[in-house]
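Numbering (my numbering), first residue to last: 1 to 311. Even for Gly, the Cβ is constructed at its ideal location relative to N, Cα and C.
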C-alpha cells in the first residue's frame, strides 16, 4: 500500500484535533495575500466604476478561491512536504490536519468561491477562477511539479491569473491591459522560485522534485534567471507604454526592473557554493512584485484623483 493510500485509509477512521489556526494555515495565507493584492490591483486599474459592495464580494471570493487552491495543494503534496525542511511543519504532513479534512476543506471552498463569484459578480470571472484552481491543482501540482523542470515556468500561469480575474470582475471582459499584468507575474515566477531552489536544492532532491538546479545544474539555472530578468524588466514598463499608467509609474517600474537585473547578475557571478546572492534575489523578487503592483495602484488612484480637476 502506498503512503498516500495508507494516509487516506487512516483518514477514514479518525478525525484530527485541528484548530482554526491549522485550517487557516492550509490556505497558504502568504500566497493568498499576494493573489488577493494583484487581483485587487487588476480590479481597480480596470476602466469604469464598480459597486463597492460587489467589489468586496469579488475580492472575497477570489481570496477564498486562492485559499482553496492552497488547501488542495497541501492535501496532494503532503508526502513530499514531509520530506522538505521548508514544508514539513505544514498542517497535513505534521499530522495536525488529516488528508481527508484538507481535501474536503479545499473542495468546499473551491465550490463556494466559484459559485459566489459567478452568481453575484459575473460568470467570466468565475470561470477564470475555476480554471485557475484547476490549473494549479491538476496541471501544476499533480502533473508538472513532479515530472519536469519546467514545472514553475508553465505552472506559473496559475499564479499570474488573479489580476485578470479582478479585471474580468470589474469589466466583464479580458483586456490587453490585464494580459500585461498576467505577463509580469508569469515572467517573474521562474527567477523567483529558481532563486529559492538554488539554496534549497537539497530539499527538492530529497523530495524527488525536478527543479531546475537539480536537473540542469546551478550554472544553467543562474543563466536562465538572468535571461528571465532581462525579459521581465521591460515588460514591467509596458503599463506606461500602453497608456494605462503615467510616466511616474514608468520610472518606478524601470528602477525596480534594473534592481532585478542587478540582483540576477550577482547570482550569475557568484560561485556555486555562494548562496547569499540567491537569497538576496529571492527576497528582492518578493519586494519587486509587491512594489510594482503597488506603484501601479497608487498611480491609477492619483491619475483618477487629478482628472476631475483638470490637472
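For residue i, I'd like the list of residues in its chain whose CB is within less than 7 Å of its CB, leaving aside the five on either flank, ordered along the chain.
i           : result
residue 68  : 106, 109, 110, 113 and 133
residue 311 : Legend: pLDDT at residue 311 = 39, less than 50; position of this residue unreliable, no value from coordinates given.
residue 298 : none
residue 20  : none
residue 70  : 26, 27, 28, 31 and 32
residue 40  : 59 and 166
residue 158 : 132, 135, 136 and 140
residue 264 : 191, 225, 226, 229 and 281
With 16 other CB atoms within 10 Å as the buried threshold, where does residue i fall?
i           : result
residue 12  : With a pLDDT of 44 at residue 12, under the threshold of 50, the predicted position of this residue should be treated as unreliable, though the coordinate-derived value follows. Residue 12 is exposed by the Cβ-count criterion.
residue 305 : exposed
residue 214 : buried
residue 182 : buried
residue 312 : Outside the shown range of the chain (1 to 311) lies residue 312, about which nothing can therefore be said.
residue 61  : buried
residue 53  : exposed
residue 84  : buried
residue 258 : exposed
residue 24  : exposed
residue 147 : exposed
Have a look at residue i and residue j and give me their C-alpha separation to the nearest angstrom.
i           : j           : result
residue 76  : residue 247 : 45 Å
residue 206 : residue 200 : 10 Å
residue 209 : residue 152 : 11 Å
residue 284 : residue 219 : 20 Å
residue 309 : residue 300 : Confidence is the limiting factor: at residue 309 the pLDDT is only 44, short of 50, which leaves the residue's position unreliable, though a coordinate-based value still follows. Each residue's Cα considered, the two are about 15 Å apart.
residue 18  : residue 73  : 18 Å
residue 291 : residue 192 : 15 Å
residue 122 : residue 145 : 31 Å
residue 55  : residue 43  : 8 Å
residue 102 : residue 302 : 42 Å
residue 242 : residue 272 : 40 Å
residue 266 : residue 104 : 45 Å
residue 252 : residue 95  : 45 Å
residue 57  : residue 307 : 28 Å
Which residues in the same chain as residue i place their Cβ atom closer than 6 Å to its Cβ, once the five residues preceding and following it in sequence are excluded?
i           : result
residue 195 : 278, 281 and 282
residue 268 : 222 and 226
residue 262 : none
residue 288 : 256 and 260
residue 125 : 117, 165, 168 and 169
residue 177 : 244
residue 93  : 78, 81 and 82
What is the residue span of the alpha helix (DSSP H) that residue i lies within?
i           : result
residue 51  : First-last for residue 51: undefined, no H or E at that position.
residue 301 : 276-306
residue 257 : 247-269
residue 220 : 218-235
residue 123 : 123-134
residue 81  : 78-81
residue 184 : 176-199
residue 116 : 99-120
residue 212 : 212-215
residue 171 : 162-171
residue 144 : That residue, residue 144, is in no alpha helix (DSSP H); it is neither H nor E in DSSP.
residue 239 : 238-241
Under 8 Å, do residue i and residue j count as touching if we go by C-beta distance?
i           : j           : result
residue 119 : residue 22  : no
residue 185 : residue 160 : yes
residue 31  : residue 63  : no
residue 239 : residue 154 : no
residue 275 : residue 198 : yes
residue 81  : residue 88  : yes
residue 234 : residue 38  : no
residue 295 : residue 228 : no
residue 149 : residue 211 : yes
residue 47  : residue 171 : yes
residue 65  : residue 129 : yes
residue 189 : residue 236 : no
residue 203 : residue 90  : no
Examine chain D for any beta-carbon lying closer than 8 Å to the beta-carbon of residue i, and answer yes or no.
i           : result
residue 306 : Protein chain content of the structure displayed is limited to a single chain, and chain D is not contained in it.
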